[in-house]
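These notes concern the structure reproduced below.
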Amino acid sequence: MTRFGLGPLWWFVIVGSLLGLGVIATGAVRGGGYVLAAALGLAGLGRLVLSEKVAGALVIRSRVLDGAVFLTLACALALIFTVVKLTPLPA
1 MTRFGLGPLW
11 WFVIVGSLLG
21 LGVIATGAVR
31 GGGYVLAAAL
41 GLAGLGRLVL
51 SEKVAGALVI
61 RSRVLDGAVF
71 LTLACALALI
81 FTVVKLTPLP
91 A
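Take a look at the structure:
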């Protein structure tokens, strides 16, 4: 039985996501959302240009489809965190 490697790009996505969630937990919700979007965007670009060995666990379908999905999610996340109203509710 062969062991499936996660690949370095997968670890970048995990670290970027944890960093973004950490920024959100400190109170900078919009900034954390942008960090999450950046991690997904770089994963999408990496999936488009890097080999399957480097992409590792991010290889699901074809290179173009995987990259397009990651980039679409990154754009959607950035848009959501840009337009969301972050003012506190009145007491």
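Residue 1 is where the sequence shown starts when you use UniProt numbering, and the numbers rise one by one after that. Just so you know, even glycine gets a beta-carbon here, dropped at the ideal spot from N, CA and C.
> Should G20 and L36 be called a contact, given that it needs their Cβ atoms to be closer than 9 Å?
Replying inline: yes
>> Applying the 10 Å Cβ sphere with the 16-neighbour rule, what's the burial state of V49?
In response: exposed
>> Can you check which of these residues, V83, P88 and P90, is closest to G31 by C-alpha distance?
In response: V83
> So, using beta-carbon positions, are L9 and L58 closer together than 9 Å?
Replying inline: yes
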